[in-house]
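K.L.:
Okay, here's the structure, questions in a sec.
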Amino acid sequence: MKKRILVTGGAGFVGSNLCERLAQDENNEVYSLDNYFTGSKENHVANVTYIEGLTADIDKLIDFEPHTIYHLGEYSRVEQSFEDIEQVWRFNKDGIFSVLQFARKTGAKIVYAGSSTKFGDGGLGRSQSPYAWSKATNTELVENYGNWFNVPYAIVYFYNVYGKREIQTGRYATLIALFKEKMKKGEPLTIVSPGTQKRNFTHVDDIINGLVLVGENGYGDEFGIGSPEAYSVKEIAEMFGGKIEMLPERKGNRMTADVVTAKTEALGWKPSRTIREYIEEQRANNWQ
Numbered sequence: 011m012k013k014r015i016l017v018t019g020g021a022g023f024v025g026s027n028l029c030e031r032l033a034q035d036e037n038n039e040v041y042s043l044d045n046y047f048t049g050s051k052e053n054h055v056a057n058v059t060y061i062e063g064l065t066a067d068i069d070k071l072i073d074f075e076p077h078t079i080y081h082l083g084e085y086s087r088v089e090q091s092f093e094d095i096e097q098v099w100r101f102n103k104d105g106i107f108s109v110l111q112f113a114r115k116t117g118a119k120i121v122y123a124g125s126s127t128k129f130g131d132g133g134l135g136r137s138q139s140p141y142a143w144s145k146a147t148n149t150e151l152v153e154n155y156g157n158w159f160n161v162p163y164a165i166v167y168f169y170n171v172y173g174k175r176e177i178q179t180g181r182y183a184t185l186i187a188l189f190k191e192k193m194k195k196g197e198p199l200t201i202v203s204p205g206t207q208k209r210n211f212t213h214v215d216d217i218i219n220g221l222v223l224v225g226e227n228g229y230g231d232e233f234g235i236g237s238p239e240a241y242s243v244k245e246i247a248e249m250f251g252g253k254i255e256m257l258p259e260r261k262g263n264r265m266t267a268d269v270v271t272a273k274t275e276a277l278g279w280k281p282s283r284t285i286r287e288y289i290e291e292q293r294a295n296n297w298q
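In this text, residue positions in the sequence shown follow this note's numbering: the first is 11, and each later residue adds one.
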């Protein structure tokens with residue numbers, strides 16, 4: 011009997027990499043539910059069934075009982091969330107309620123992608139932006155559904171993911187992809203002041219290794235999947251080697267985040283890639 015796995019946000023950056031890995035196992039039947047807000051049809055991979063729609067409508071859109079739901083399909087930008095608060099609510103708050111009700115009805119295990127912003131700045135990070143608050147309270151709701159209704163769950167935390175299929179342009183581009191684009195075009199690297207904010211950049215392959223392990227064997231909270239090496243944004247720009255241009259400070263910008271990976275490591279996970287190596291690979295490839 012094949013294992014049916016549903017990935018919300020399966021056409022996004024992390025989701026498409028996860029779908030690709032899961033679909034390589036012939037014991038899996040993989041489905042993606044995505045509203046294509048930041049996901050793209052260009053990210054579709056072989057042997058995955060794609061369903062278009064909102065996670066808030068999961069009950070209407072999914073007519074089977076999944077074994078596991080990887081719930082990655084949420085709004086996920088800090089600074090932009092102040093302007094996009096309606097989307098944050100619709101995708102993150104309405105979405106999580108529907109997904110949890112669906113998991114409760116079908117008996118599926120939910121693997122929820124929380125946000126490391128809740129650990130930022132000594133735990134104060136959870137209220138620094140609409141995005142951070144939505145994610146922190148969603149992790150609490152997932153835990154409560156576990157306690158109230160016996161919904162099996164695991165909560166994972168990603169730390170600044172980079173790699174294949176990251177968003178390279180526009181408002182939702184990720185830092186590493188943005189820097190790569192700027193190097194390719196010979197433009198200065200823009201850094202939000204003060205530039206000393208630390209981040210733990212983690213390769214998408216390492217994220218997927220962790221996600222698959224937690225999906226199979228992890229239960230409970232605090233499965234961090236992040237590189238132990240922290241670099242300031244300025245240090246990253248210096249690794250790229252471009253000209254640096256400072257931008258004014260922005261709301262919601264946390265300075266630090268604790269990487270909590272002990273539980274994931276206990277399942278046998280460890281990071282295999284470093285950001286420094288990746289930048290050198292991209293340089294050798296002329297930032298293509």
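Every residue, glycine too, gets a C-beta built ideally from N, C-alpha and C.
Let me know if Lys-145 comes out buried or exposed under the rule of 16 or more other beta-carbons within 10 Å of its beta-carbon.
P.N.:
buried
K.L.:
Let me check understanding here. Comparing Cα to Cα, which of Met-11, Ser-282, Ile-217 and Leu-277 lies closest to Asn-37?
P.N.:
Met-11
K.L.:
Between the C-alpha atoms of Ala-264 and Phe-168, what's the straight-line distance to the nearest angstrom?
P.N.:
According to the sequence as given, residue 264 is Arg; it is not Ala. Cα to Cα, Arg-264 sits roughly 15 Å from Phe-168.
K.L.:
Whole angstroms is fine: what's the gap from Val-270's alpha carbon to Ile-120's?
P.N.:
20 Å
K.L.:
Can you tell me whether DSSP reads Phe-168 as helix, strand or coil?
P.N.:
Looking at Phe-168 - three-state DSSP - the assignment turns out to be strand.
K.L.:
Under 8 Å by Cβ, that's how I've got Gly-63 and Asn-45 pegged, so tell me the actual separation to the nearest angstrom.
P.N.:
So it is a contact: roughly 6 Å between Cβ atoms.
K.L.:
How far does the alpha helix (DSSP H) with Ala-123 in it extend, from its first residue to its last?
P.N.:
Careful: Ala-123 lies outside any alpha helix (DSSP H), inside the beta strand (DSSP E) at 119–125.
K.L.:
Enumerate, from N- to C-terminal direction, the unbroken alpha helix (DSSP H) stretches of 4 or more residues contained entirely within the region 212–282.
P.N.:
214–227, 243–250 and 272–276
K.L.:
Just to confirm, is the Cβ distance from Gly-262 to Phe-101 under 8 Å?
P.N.:
no
K.L.:
Identify, in the order they occur along the chain, each residue of the same chain with its Cβ nearer than 6 Å to the Cβ of Val-40, setting aside the five sequence neighbours on each side.
P.N.:
Ile-15, Cys-29, Leu-32, Ala-33 and Val-58
K.L.:
Is Gly-220 closer than 8 Å to Thr-274 when the C-beta atoms are compared?
P.N.:
yes
K.L.:
Pairing CB atoms from the region 48–55 with CB atoms from the region 191–205, are three or more of them under 8 Å?
P.N.:
no
K.L.:
Does Val-109 come out as helix, strand or coil in the three-state DSSP assignment?
P.N.:
In the structure shown, Val-109 sits in a helix (DSSP, three-state: H, G or I).
K.L.:
Among all the DSSP beta bridges, which residues are the ones paired with Arg-14?
P.N.:
Glu-39
K.L.:
To the nearest angstrom, how far is it from the Cα of Ala-294 to the Cα of Gln-97?
P.N.:
39 Å
K.L.:
Under a three-way DSSP split, which group does Asp-44 fall into?
P.N.:
strand
K.L.:
Could you check what DSSP says for Thr-65 in three-state terms: helix, strand or coil?
P.N.:
helix
K.L.:
Is it true that the CB of Ser-125 sits closer than 8 Å to the CB of Asp-216?
P.N.:
no
K.L.:
Let's see if you can read the secondary structure: which residues bound the beta strand (DSSP E) around Val-202?
P.N.:
199–202
K.L.:
Taking all protein chains shown into account, do 16 or more other C-beta atoms lie within 10 angstroms of the C-beta of Gln-178, making it buried, or fewer, making it exposed?
P.N.:
exposed
K.L.:
For Ile-79, list the residues DSSP reports as bridge partners.
P.N.:
Leu-16 and Ile-120
K.L.:
Going straight from the alpha carbon of Arg-136 to that of Glu-232, what length do you get?
P.N.:
15 Å
K.L.:
Is the region 156–164 touching the region 110–118, taking contact as three or more C-beta pairs under 8 Å?
P.N.:
yes
K.L.:
Are the beta-carbon atoms belonging to Tyr-141 and Ser-86 less than 8 Å from one another?
P.N.:
yes
K.L.:
Please decide whether Pro-258 counts as near chain D, where near means a Cβ-Cβ distance under 8 Å.
P.N.:
No chain D appears in this structure, which consists of one protein chain only.
K.L.:
Near Ile-289, what residues of its chain come up, given a Cβ to Cβ distance below 7 Å and the 5 sequence neighbours on each side ignored?
P.N.:
Met-249 and Phe-250
K.L.:
For the putative contact between Thr-127 and Asn-170, defined by C-beta atoms under 8 Å, what is the C-beta separation to the nearest angstrom?
P.N.:
Not really, about 11 Å apart at Cβ, beyond 8 Å.
K.L.:
Give the range of the alpha helix (DSSP H) segment to which Arg-293 is assigned.
P.N.:
Where Arg-293 is concerned, the enclosing alpha helix (DSSP H) stretches over 285–294.
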